[in-house]
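Residue numbers (our numbering), protein chains in the order written: chain A, 376 to 725; chain B, 4 to 81.
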Amino acid sequence: MAEYCNTLSKNEQENKKKYIPLVLIPLAVAVYVFLEQGVNFFVDHVINLEKGRHLTEAIRFFLYDTPKVLILLTVIVFVVGIIRSYFSAEKTRKALEGKPLFVGNIMAACLGIVTPFCSCSAIPLFIGFVESGIPLGVTFSFLVAAPMINEVALVLLFGLFGWKTALLYASTGLLIAIFSGWVIGRLKVERFVEEWVYEIKSGDFQMVEQKITFNDRIQTGYTAVVDIVSKVWIYIVAGIAVGAVIHGYVPENFMASLMGKGAWWSVPLAVAIGVPLYSNAAGFIPILQALLGKGAALGTALAFMMSTIGLSLPEMIILKKVMKLPLIIVFVSVVATGIMIVGFLFNWVY
Amino acid sequence: MKIEILGVGCAKCHKLEELVREVVKKEGVSADISKVEDFKKIMAYGVMTTPALVVDGEVKVAGKIPSSEDIKKLLGIK
Numbered sequence: 376m377a378e379y380c381n382t383l384s385k386n387e388q389e390n391k392k393k394y395i396p397l398v399l400i401p402l403a404v405a406v407y408v409f410l411e412q413g414v415n416f417f418v419d420h421v422i423n424l425e426k427g428r429h430l431t432e433a434i435r436f437f438l439y440d441t442p443k444v445l446i447l448l449t450v451i452v453f454v455v456g457i458i459r460s461y462f463s464a465e466k467t468r469k470a471l472e473g474k475p476l477f478v479g480n481i482m483a484a485c486l487g488i489v490t491p492f493c494s495c496s497a498i499p500l501f502i503g504f505v506e507s508g509i510p511l512g513v514t515f516s517f518l519v520a521a522p523m524i525n526e527v528a529l530v531l532l533f534g535l536f537g538w539k540t541a542l543l544y545a546s547t548g549l550l551i552a553i554f555s556g557w558v559i560g561r562l563k564v565e566r567f568v569e570e571w572v573y574e575i576k577s578g579d580f581q582m583v584e585q586k587i588t589f590n591d592r593i594q595t596g597y598t599a600v601v602d603i604v605s606k607v608w609i610y611i612v613a614g615i616a617v618g619a620v621i622h623g624y625v626p627e628n629f630m631a632s633l634m635g636k637g638a639w640w641s642v643p644l645a646v647a648i649g650v651p652l653y654s655n656a657a658g659f660i661p662i663l664q665a666l667l668g669k670g671a672a673l674g675t676a677l678a679f680m681m682s683t684i685g686l687s688l689p690e691m692i693i694l695k696k697v698m699k700l701p702l703i704i705v706f707v708s709v710v711a712t713g714i715m716i717v718g719f720l721f722n723w724v725y
Numbered sequence: 004m005k006i007e008i009l010g011v012g013c014a015k016c017h018k019l020e021e022l023v024r025e026v027v028k029k030e031g032v033s034a035d036i037s038k039v040e041d042f043k044k045i046m047a048y049g050v051m052t053t054p055a056l057v058v059d060g061e062v063k064v065a066g067k068i069p070s071s072e073d074i075k076k077l078l079g080i081k
């Protein structure tokens with residue numbers, strides 16, 4: 376995921392830390408498994424609310440979904456942090472060098488998911504890729520996949536929508552990244568990259584490869600949890616709270632006319648609103664999930680999600696430093712078209 | 004000692020600069036600390052992920068914030 380950087384540290388005293396997950400992960404699984412019964416018991420017997428009332432069901436929904444999603448998030452972010460410690464932007468660049476267009480696009484999109492890098496590194500990364508001769512189209516596959524398919528979005532989709540939707544999102548997101556990059560590669564847009572990018576002569580970067588022990592990787596996992604969970608938990612709680620209110624109080628089929636299957640224009644509209652909007656997935660996925668229960672169509676919801684996470688105005692402004700306007704426009708329109716196709720497809724299939 | 008922090012102004016880059024200044028002050032070493040924000044200069048070091056720490060022209064860390072302990076080691080302070 377793009378937003379977060381990891382920290383590795385070599386503190387011998389932290390050695391013991393590697394045993395903590397051995398205790399905490401089974402504990403998290405146990406809480407996760409018994410959560411539903413626990414919450415039901417609490418709502419029905421401890422605070423003794425009347426079953427079926429709007430308020431009761433809203434409270435039940437909130438009490439169940441918030442801990443569920445937060446536990447999932449902590450565990451997954453920890454594991455992903457460890458996985459990411461095996462990858463780096465430099466290694467990814469090396470792997471992509473000299474790869475032909477289509478194969479390169481597939482690799483770049485996949486590596487985009489696991490390579491750790493901050494969104495603030497997007498420019499040096501772009502220059503680094505271009506400079507080492509990686510085709511522009513392949514570079515774009517990386518830049519599309521990196522923000523779009525991230526662990527926070529996947530955890531929320533898995534926790535609130537189920538594994539099918541999460542898998543659907545990840546696989547279609549990957550396809551969009553691969554094909555957008557491939558299309559951009561075919562369009563021969565190299566002349567729309569700022570000239571100074573091509574003039575940069577990158578130094579031979581020979582960072583002494585530090586020996587990374589497994590302890591360090593565990594530490595990376597911890598850092599990822601602290602970094603990410605501390606940033607997004609508040610949005611998740613707020614999103615689920617709003618979702619709970621929607622679940623309890625908004626009438627059935629309320630969204631059918633606005634975001635339903637029948638309204639074909641809702642997909643392009645969702646993308647048009649989603650592209651300039653910059654929001655993390657954490658806050659609005661729970662809200663979308665609630666709207667889905669009120670007649671919104673899955674394809675429309677997915678399209679909105681992808682365009683919000685995958686494309687954003689701040690990102691475009693950063694990229695404007697190295698790309699001329701026509702290239703930005705091509706980039707946005709190709710990716711937005713891909714997202715709309717996915718949206719229509721799902722509204723049609725389901 | 005010449006210390007350069009490479010980064011274009013994200014939160015992580017500021018954090019690294021703060022940490023380095025802290026360590027240098029605490030250890031009482033004399034060092035010339037500067038922030039490099041120009042892409043051309045950053046790329047000249049071959050760095051693709053910021054923040055990065057450069058000591059006397061040599062890239063020590065890129066793409067992450069090392070702990071104060073690690074910074075001490077990277078600066079060669081025992």
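Positions of the beta carbon are idealized from the N, C-alpha and C atoms, including for glycine.
Distance, Cα to Cα, P689/A vs R428/A? The residue given as residue 689/A occupies position 314 in the first sequence. The residue given as residue 428/A occupies position 53 in the first sequence. Each residue's alpha carbon lies about 43 Å from the other.
Counted within 10 angstroms of its Cβ, other Cβ atoms place K28/B as buried (16 or more) or exposed: The residue you call residue 28/B lines up with position 25 of the second sequence. Exposed, because fewer than 16 other Cβ atoms sit within 10 Å of the Cβ of K28/B.
Please list, in chain order, all residues of the same chain as G456/A whose beta carbon is under 6 Å from its beta carbon, the five residues on each side excluded. Here residue 456/A refers to the residue found at position 81 of the first sequence. Closer than 6 Å at the Cβ level, and outside the excluded window around G456/A, lie T595, G596 and A599.
Using alpha carbons as the reference points, say which of K443/A, D602/A and T683/A lies closest to V642/A. As a first step, residue 642/A is located in the first sequence; it is residue number 267 there, counting from the start. Nearest C-alpha to V642/A: T683/A.
For the stretch 63-81 of chain B, which residues have a beta carbon sitting closer than 7 Å to at least one beta carbon of chain A? A65, G66, K67, I68, P69, S70, E72 and D73
Cβ-based burial, G487/A [other Cβ within 10 Å; buried from 16]: As a first step, residue 487/A must be located in the first sequence, where it is residue number 112. That one is buried.
CB contact below 8 Å: I45/B versus chain A: The residue you call residue 45/B lines up with position 42 of the second sequence. I45/B counts as touching chain A.
K5/B to E574/A, Cα distance in whole Å? For the purposes of this step, residue 5/B is taken as residue 2 along the second sequence, with counting starting at 1. For the purposes of this step, residue 574/A is taken as residue 199 along the first sequence, with counting starting at 1. Cα-Cα distance, rounded: 27 Å.
Exposed or buried, T588/A, counting other C-beta atoms within 10 Å across all chains shown (16 or more means buried)? Here residue 588/A refers to the residue found at position 213 of the first sequence. When all chains shown are included, T588/A counts as exposed.
I'd like to confirm the pairing. Which residues does DSSP put opposite I36/B in its beta bridges? On the second sequence, residue 36/B is found 33 positions in, with the first residue counted as 1. I36/B is bridged to I6/B.
Taking the runs of the alpha helix (DSSP H) that are 4 residues or longer, which of them lie wholly in the stretch 535-618 of chain A? 538-561 and 570-574
Put L402/A into one of helix, strand or coil per three-state DSSP. The sequence position of residue 402/A within the first sequence is 27, counting from 1. Looking at L402/A - three-state DSSP - the assignment turns out to be helix.
Does the Cβ of T598/A lie closer than 7 Å to at least one heavy atom of the ligand NAD? With respect to the ligand NAD, the structure offers nothing, as it holds no ligand at all.
Distance check for L673/A and L438/A, CA to CA, integer angstroms please. Walking along the first sequence from the start, residue 438/A turns up at place 63. Walking along the first sequence from the start, residue 673/A turns up at place 298. Taking the straight line joining both Cα atoms gives about 25 Å.
Classify H420/A: buried if its beta carbon has 16 or more other beta carbons within 10 angstroms, exposed otherwise. On the first sequence, residue 420/A is found 45 positions in, with the first residue counted as 1. Counting the other CB atoms within 10 Å of its CB gives H420/A a total below 16, which places it among the exposed residues.
Name the DSSP beta bridge partners of V57/B, please? For this step, residue 57/B is matched to residue 54 along the second sequence. Paired residue(s): E7/B and V62/B.
Alpha-carbon spacing of G649/A relative to L562/A, whole angstroms: In the first sequence, residue 649/A corresponds to position 274, counting from 1. In the first sequence, residue 562/A corresponds to position 187, counting from 1. The alpha-carbon atoms of G649/A and L562/A are separated by roughly 25 Å.
For the stretch 451-473 of chain A, list every residue whose C-beta sits within 8 Å of some C-beta in chain B, in sequence order. S463, A464, E465 and R468
What residue range is occupied by the uninterrupted alpha helix (DSSP H) comprising H429/A? Counted from its first residue, the first sequence places residue 429/A at position 54. H429 to R459 is the span of the alpha helix (DSSP H), which, as asked, contains H429/A.
Between which two residues does the alpha helix (DSSP H) harbouring G629/A extend? Within the first sequence, the letter at position 254 stands for residue 629/A. Correcting the residue type first, residue 629/A is Phe in the shown sequence and not Gly. Segment: none, F629/A is in no alpha helix (DSSP H) and carries neither H nor E.
Checking contacts by CB at 8 Å: is G560/A closer than that to chain C? Here the protein chains are A and B, and chain C is not one of them.
Using the Cα positions of V697/A and V11/B, report the straight-line distance between them to the nearest angstrom. Indexing the first sequence from 1 puts residue 697/A at position 322. Indexing the second sequence from 1 puts residue 11/B at position 8. Cα to Cα, V697/A sits roughly 14 Å from V11/B.
Using a Cβ-Cβ cutoff of less than 6 Å, which residues in the same chain neighbour T467/A once the five nearest sequence positions on both sides are dropped? Translated into the one-based positions of the first sequence, residue 467/A becomes position 92. Shown here for T467/A: same chain residues with a beta carbon closer than 6 Å to its own, the five before and five after excluded, namely L486 and T490 in chain order.
Spatial neighbours of V460/A in its chain, beta-carbon cut-off 6 Å, leaving aside the 5 residues before and after: In the first sequence, counting from the first residue as 1, residue 460/A sits at position 85. Contrary to the premise, residue 460/A reads as Ser rather than Val in this sequence. The residues are R592 and T595.
Using a Cβ-Cβ distance under 8 Å, would V11/B count as near chain A? For the purposes of this step, residue 11/B is taken as the residue at position 8 of the second sequence. It does; some Cβ of chain A falls within 8 Å.
Between G670/A, W723/A, A497/A and V452/A, which has its C-alpha nearest I692/A's C-alpha? Numbered from its first residue, the first sequence carries residue 692/A at position 317. Nearest option by C-alpha distance: A497/A.
The stretch 604-616 of chain A: positions lying closer than 8 Å to chain B by Cβ: none
At least one CB of chain B closer than 8 Å to the CB of I593/A: is that the case? Mapped onto the first sequence, residue 593/A falls at position 218. Taking Cβ atoms only, chain B never reaches closer than 8 Å to I593/A, which makes this a no.
Where S546/A falls, given that 16 or more other Cβ within 10 Å makes a residue buried: Here residue 546/A refers to the residue found at position 171 when the first sequence is read from its first residue. Exposed, by the Cβ-count rule.
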